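Per UniProt numbering, the sequence shown runs over residues 1 to 445.
The structure appears right after this line, and notes come after that.
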Amino acid sequence: MSAQPRNPLLENPKYGPDAKTREECLKHTSYYTGFYRNNNFKDAEQSWGIVYTICPRSSENVFIRGIRMLKLVIGEEKNLHQKKILVDSLMRIYDKKSQYYGKEGQNLALKGIDLFTVAPEREEEIADILGKSLELEGDNTDPQAMLVYMQVTKNLYASSKRTADDVVNLYARLSGIFAKQIAALPSADQISAMSPQKQEEAREEAQKLNQMSESLDILFTTAGVANCDNLITIYQAKFEKEPNNLELARSIHSQLSALRCTDADLYLSVSKLLFQAQPTSSIGVDIARILQAKNNNAGAADYFRRAVAAETDSLRKANILLEFAQFVGTRQGELPKARTLAYEALSLNPNLGYAYLLIGSLYAQTKACGASKMDNVSVYWAAVDKFSRAMAVQPDISSECQKQINYYSQFFPSTEEIFFQDLEVGKPYTVPCWINEKTTIRAKQ
1 MSAQPRNPLL ENPKYGPDAK TREECLKHTS YYTGFYRNNN FKDAEQSWGI VYTICPRSSE
61 NVFIRGIRML KLVIGEEKNL HQKKILVDSL MRIYDKKSQY YGKEGQNLAL KGIDLFTVAP
121 EREEEIADIL GKSLELEGDN TDPQAMLVYM QVTKNLYASS KRTADDVVNL YARLSGIFAK
181 QIAALPSADQ ISAMSPQKQE EAREEAQKLN QMSESLDILF TTAGVANCDN LITIYQAKFE
241 KEPNNLELAR SIHSQLSALR CTDADLYLSV SKLLFQAQPT SSIGVDIARI LQAKNNNAGA
301 ADYFRRAVAA ETDSLRKANI LLEFAQFVGT RQGELPKART LAYEALSLNP NLGYAYLLIG
361 SLYAQTKACG ASKMDNVSVY WAAVDKFSRA MAVQPDISSE CQKQINYYSQ FFPSTEEIFF
421 QDLEVGKPYT VPCWINEKTT IRAKQ
């Protein structure tokens with residue numbers, strides 16, 4: 001009889017130093033693999049342990065599968081002492097995986113994430129592990145590891161084991177890495193050239209990475225260390241280096257907005273960049289308000305106009321037009337133009353009582369409207385007409401409208417004054433000057 005062909009794997013030293021060890025390695029690899037593939041981890045455990053001990057170089061799957069099985073066991077363990085022993089074993093498996101298969105930075109990232117999952121109270125250890133991973137991986141650091149690192153650093157700060165500067169500096173570094181990773185994602189043109197499946201995967205990856213970057217921002221802003229000064233210190237130099245980086249601008253805008261650092265020049269700069277790239281009414285109005293606060297009325301008016309043009313929803317556009325009208329009337333003193341804008345708002349939302357309230361206020365502040373005393377007081381009749389109209393179309397502001405009516409009605413002429421002007425209560429009267437509107441003669445009560 002011819003001899004059975006010898007298994008070539010028995011000659012491969014990665015399965016052990018000698019033939020006997022290699023035979024044991026292959027046998028128990030077969031045993032545990034069969035159990036593992038059927039999710040029978042309990043029966044897989046013993047054979048896996050033998051393979052892990054005698055031939056760890058046989059396959060990286062020994063570590064990948066072992067880590068998965070051990071995490072499940074840890075999750076089910078109720079005894080705290082035994083759980084700690086198991087967690088320590090998990091950490092050693094990661095160390096051994098790096099020893100045999102390299103990729104230490106990536107393994108440290110996974111090790112830190114897993115330790116945070118199974119033993120979150122070991123914060124100092126988690127921070128040390130992920131800090132080393134960050135040093136090794138740099139701009140390629142695992143995004144999930146960065147979030148966990150930020151979380152445990154935030155927790156350590158809360159327990160006085162880290163300083164505010166530690167939190168700020170870590171955030172500055174991690175946010176910069178996220179910005180680079182997002183910038184390295186495929187462009188829209190590159191994605192469009194992919195297969196449908198690859199397109200979906202690329203979009204999902206981009207969405208996930210952006211969401212994780214936003215989560216990092218939230219962790220920082222809720223850590224209790226962020227203020228306008230340190231955010232500006234972090235971001236000013238970055239933005240000066242990359243003044244056209246939209247992802248960086250979005251991150252800066254989000255952070256400064258969350259802390260209400262809206263009077264900073266940096267906030268205005270990134271807002272303008274974002275509006276230029278994608279005009280939205282919210283950012284346009286934001287810029288207009290900032291410029292208004294800086295007494296740049298011409299600039300504010302320009303951005304109000306742009307915000308109106310950018311908005312497509314009728315009700316939102318009406319509200320923007322109303323704010324624009326208020327600005328034009330109060331800051332620029334252009335009362336007729338302010339009224340025109342208010343009526344534009346009403347054409348989009350006829351129930352916007354505040355627009356009538358504004359028009360009434362514009363009328364009431366008009367001085368020297370005509371040649372006679374009656375012409376000048378007629379503005380109050382017209383104003384009260386508008387306050388009454390505001391109350392009719394928007395009942396929830398009735399109290400405010402009634403206050404205005406009560407206040408300005410005291411400036412109505414007396415019955416005698418009306419009589420001596422050869423006029424009559426209840427008759428129509430045309431208010432002159434820019435108002436040029438019919439009203440009804442009324443006497444002070």
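Think of the CB as a built atom: it goes at the ideal place given N, C-alpha and C, for glycine as much as any other residue.
Predicted, not measured: the structure shown is a model, and the values here were computed from it.
*Tyr343: which of Gly333, Phe324, Arg331 sits nearest, CA to CA?*
Checked all of Gly333, Phe324, Arg331; the closest Cα to Tyr343 is Phe324.
*asked:* Alpha carbons only, please: which of Ala310, Ile191, Leu256 is nearest the one belonging to Glu204?
replied: Distances from the alpha-carbon of Glu204 to those of Ala310, Ile191, Leu256 put Ile191 closest.
_To the nearest angstrom, how far is the alpha carbon of Asp422 from that of Ser399?_
Here the C-alpha atom of Asp422 lies approximately 35 Å from the C-alpha atom of Ser399.
*Kindly give me the distance between the Cβ atoms of residue 458 and Asp396, rounded to whole angstroms, as I take these residues to be in contact under 8 Å.*
Past the edges of the chain, shown from 1 to 445, lies residue 458, and the structure says nothing about it.
*Buried or exposed: which applies to Leu268, given that a residue is buried once 16 or more other Cβ atoms fall within 10 Å of its Cβ?*
Buried, by the Cβ-count rule.
_Going by DSSP in three states, Met1 sits in which element: helix, strand or coil?_
Residue placement at Met1 is flagged as unreliable, the pLDDT there being 45, under the threshold of 50; a coordinate-derived value is accordingly withheld.
*CB contact flag (Ala310, Thr280, <8 Å)*: Against a cut-off of 8 Å, the Cβ pair of Thr280 and Ala310 comes out as a contact.
*Is the distance from the Cβ of Trp381 to the Cβ of Thr430 below 8 Å?*
With contacts defined as CB atoms closer than 8 Å, Trp381 and Thr430 fail to qualify as a contacting pair.
*Does the Cβ-Cβ distance between Leu357 and Arg339 come in under 8 Å?*
At least 8 Å separates the beta-carbon of Leu357 from that of Arg339.
*Considering Thr430, what are the terminal residues of the beta strand (DSSP E) in which it resides?*
In the DSSP assignment, Thr430 falls within the unbroken beta strand (DSSP E) covering 428-431.
_I want to know whether the segment 40-50 touches the segment 86-95 - three or more CB-CB distances under 8 Å._
The segment 40-50 makes no contact with the segment 86-95: fewer than 3 CB pairs, one atom from each, lie closer than 8 Å.
_8 Å Cβ shell around Gly176 - same chain, five flanking residues per side excluded_ = Taking C-beta separations shorter than 8 Å and ignoring five residues to either side along the sequence, the partners of Gly176 in its chain run Lys238, following chain order.
*May I have the straight-line CA-CA distance separating Ile441 from Phe419, to the nearest angstrom?*
Cα to Cα, Ile441 sits roughly 11 Å from Phe419.
*For Tyr407, I'd like the list of residues in its chain whose CB is within less than 8 Å of its CB, leaving aside the five on either flank, ordered along the chain.*
There are no such residues.
*Secondary structure at Thr29, three-state DSSP: helix, strand or coil?*
Residue state, collapsed to three classes: helix.
*Compute the beta-carbon to beta-carbon distance between Thr415 and Ala443, rounded to the nearest angstrom, for a pair I have assumed lies under 8 Å.*
Yes, Thr415 and Ala443 are in contact; Cβ-Cβ is about 4 Å, under 8 Å.
*asked:* With distance defined between alpha-carbon atoms, name the residue in Ala172, Glu201, Leu108, Ser215 nearest to Pro186.
replied: The candidate whose alpha carbon is nearest that of Pro186 is Glu201.
*What residues in its chain sit with their C-beta under 7 Å from that of Met1, if we drop five residues either side in the sequence?*
Because Met1 carries a pLDDT of 45, less than 50, the predicted location of this residue cannot be relied on, and no value is offered for it.
_Between which residues of its own chain and Val377 is the CB-CB distance below 8 Å, once the five residues before and five after are set aside?_
The residues are Phe411, Phe412, Pro413.
*asked:* Taking the beta carbon of Pro8 as the centre, do at least 16 other beta carbons fall within 10 Å, making it buried, or is it exposed?
replied: Residue burial is scored here from C-beta neighbours: Pro8 has fewer than 16 other C-beta atoms within 10 angstroms and is therefore classed as exposed.
_Output needed for Arg57: all residues of its chain with C-beta closer than 6 Å, excluding positions within five of it in sequence on either side, in chain order._
Result list for Arg57: Lys14, Tyr100, in chain order.
*asked:* Need the endpoints of the alpha helix (DSSP H) that Glu121 sits in, please.
replied: Membership of Glu121 in any alpha helix (DSSP H) is not indicated, and neither H nor E is assigned to it by DSSP.
*asked:* Going by beta-carbon coordinates alone, are Ser215 and Leu115 separated by less than 8 Å?
replied: Their beta carbons are not under 8 Å apart, which means Ser215 does not touch Leu115 by this criterion.
*Close-in-space but distant-in-sequence residues of the same chain around Lys84 (CB under 8 Å, 5 per side omitted)*: Excluding residues up to 5 positions away in sequence, Ala119 lie with their Cβ nearer than 8 Å to the Cβ of Lys84 in the same chain.
*Sort out for me which residues DSSP pairs Glu437 with in a bridge.*
In DSSP, Glu437 forms a bridge with Val431.
*How about Ile252 and Leu209: do their beta carbons lie closer than 8 Å?*
With contacts defined by Cβ atoms closer than 8 Å, Ile252 and Leu209 do not form a contacting pair.
*Quick one: Cα of Arg68 to Cα of Lys180, how far?*
Looking at the two C-alpha atoms, the distance is approximately 31 Å.
*Would you kindly work out how many angstroms separate the C-alpha atoms of Gly49 and Leu72, rounded to a whole number?*
Going from the Cα of Gly49 to the Cα of Leu72 covers about 15 Å.
*Between the C-alpha atoms of Asn107 and Asp263, what's the straight-line distance to the nearest angstrom?*
If I take the Cα positions, the gap works out to 44 Å.
*If you check the beta carbons only, do Ala383 and Cys401 fall under 8 Å apart?*
Their beta carbons are not under 8 Å apart, which means Ala383 does not touch Cys401 by this criterion.
*Same chain, Cβ closer than 6 Å to Tyr94, five either side skipped, listed in chain order*: Apart from the 5 residues on each side of it in sequence, Tyr94 sits with its Cβ closer than 6 Å to the Cβ of Asn107, Lys111 in its chain, given in chain order.
*Within the segment 260-302, note down every full alpha helix (DSSP H) run reaching 4 residues or more, in order along the chain.*
Taking only runs of at least 4 residues, the alpha helix (DSSP H) segments lying wholly in the segment 260-302 are 265-277, 281-293.
*Taking Cβ to Cβ, would you say Leu248 is nearer than 8 Å to Leu231?*
Not closer than 8 Å, so no.
*May I ask which residues mark the beginning and end of the alpha helix (DSSP H) holding Asp18?*
Neither: Asp18 is in no alpha helix (DSSP H) and is coded neither H nor E.
*Find the nearest neighbour of Cys261 within the set Leu274, Asp286, Pro143, Lys241, judged by alpha-carbon distance.*
The shortest Cα separation from Cys261 among Leu274, Asp286, Pro143, Lys241 belongs to Asp286.
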